[in-house]
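Convert by adding 1 to the 1-based position in the sequence shown; the result is the number in this note's numbering.
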Amino acid sequence: MIKIFDISKYYNPKFPVLDNVSLHIRPGEFVSIVGQSGTGKTTLVKILTGEERVDSGKVIVGEWDITKLSRNQIPYLRRQIGVIFQDFKLLPKKTLSENIAFALQVCSQSPAKIKKIVPSVLSIVGLEDKGHRYPNEVSGGEQQRAAIARSLVHQPKILLADEPTGNLDSINANEIIELLQKINNFGTTVVLVTHNREIVNRLRKRVITMDEGRIISDQEQGKYIIR
Numbered sequence: 002m003i004k005i006f007d008i009s010k011y012y013n014p015k016f017p018v019l020d021n022v023s024l025h026i027r028p029g030e031f032v033s034i035v036g037q038s039g040t041g042k043t044t045l046v047k048i049l050t051g052e053e054r055v056d057s058g059k060v061i062v063g064e065w066d067i068t069k070l071s072r073n074q075i076p077y078l079r080r081q082i083g084v085i086f087q088d089f090k091l092l093p094k095k096t097l098s099e100n101i102a103f104a105l106q107v108c109s110q111s112p113a114k115i116k117k118i119v120p121s122v123l124s125i126v127g128l129e130d131k132g133h134r135y136p137n138e139v140s141g142g143e144q145q146r147a148a149i150a151r152s153l154v155h156q157p158k159i160l161l162a163d164e165p166t167g168n169l170d171s172i173n174a175n176e177i178i179e180l181l182q183k184i185n186n187f188g189t190t191v192v193l194v195t196h197n198r199e200i201v202n203r204l205r206k207r208v209i210t211m212d213e214g215r216i217i218s219d220q221e222q223g224k225y226i227i228r
């Protein structure tokens with residue numbers, strides 16, 4: 002599903018953000034990528050979505066060699082990958098339903114298809130009765146659920162969650178992780194990028210630990226041990 006071969010990324014010629022990273026994530030896995038701030042986790046997510054380019058190495062996502070993608074091919078790649086952020090990125094003047102619909106409208110989906118998909122993804126995340134509300138009328142956890150619903154509209158094979166619980170209290174954070182597990186059980190590959198040790202250790206899933214742009218540990222059913 003995701004194959005990374007010896008990639009490096011530099012913003013400063015002397016200090017690589019990613020330093021010869023290799024990684025294979027199998028279809029249907031739930032993988033946590035952990036490490037302190039500045040270890041290269043978010044840069045890796047940006048590379049997987051085509052937002053950043055590697056300076057060397059190769060990245061395969063599904064059947065795409067994304068190191069060779071042209072700019073006009075990237076939107077098609079991103080329809081295969083759902084992305085969730087820490088800050089939700091919801092449009093404040095649109096309702097939750099309208100936020101989700103907008104992700105389909107920009108891809109020129111028909112009104113009939115949008116009308117069918119929006120209630121379906123709202124139901125998956127438990128917001129079927131709150132689609133008419135605006136982001137400031139719901140809790141942070143519900144905003145993140147809406148963001149997850151939006152990420153599911155294209156039925157992505159991969160879901161990248163970049164610090165999805167960073168702005169949430171422990172109760173809402175746990176609910177979001179449970180939702181990610183539910184989505185993973187549907188067969189979607191989930192990559193959770195986080196520094197939350199408690200959540201990672203409770204998951205008992207594969208844990209990849211990064212430090213100074215390198216992978217220093219890769220454990221099946223592992224734990225996040227701060228080094």
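Yeah, the Cβ is synthetic: ideal placement off N, Cα and C, and Gly gets one too.
Three or more pairs of CB atoms, one per stretch, sit closer than 8 Å, so the stretch 174-194 contacts the stretch 137-146. Boundaries of the beta strand (DSSP E) around proline 17: 16-26. Membership of glutamine 106 in the alpha helix (DSSP H) is indicated by the continuous run 97-106. Comparing alpha carbon positions, the residue from Ser98, Leu160, Ile200, Asn168 closest to isoleucine 26 is Leu160. Taking one beta carbon from each stretch, the stretch 10-22 and the stretch 189-197 have fewer than 3 pairs nearer than 8 Å; the two do not touch. Exposure of serine 109 is indicated by the presence of fewer than 16 other C-beta atoms within 10 angstroms of its C-beta. In its chain, beyond the 5 residues on either side, Val55, Lys59, Val60 have a beta carbon closer than 7 Å to the beta carbon of threonine 68.
Your pair isoleucine 85 and serine 152 checks out as a contact, with CB atoms roughly 5 Å apart and the cut at 8 Å. In this structure, valine 154 sits near isoleucine 101, with a CB-CB distance shorter than 8 Å.
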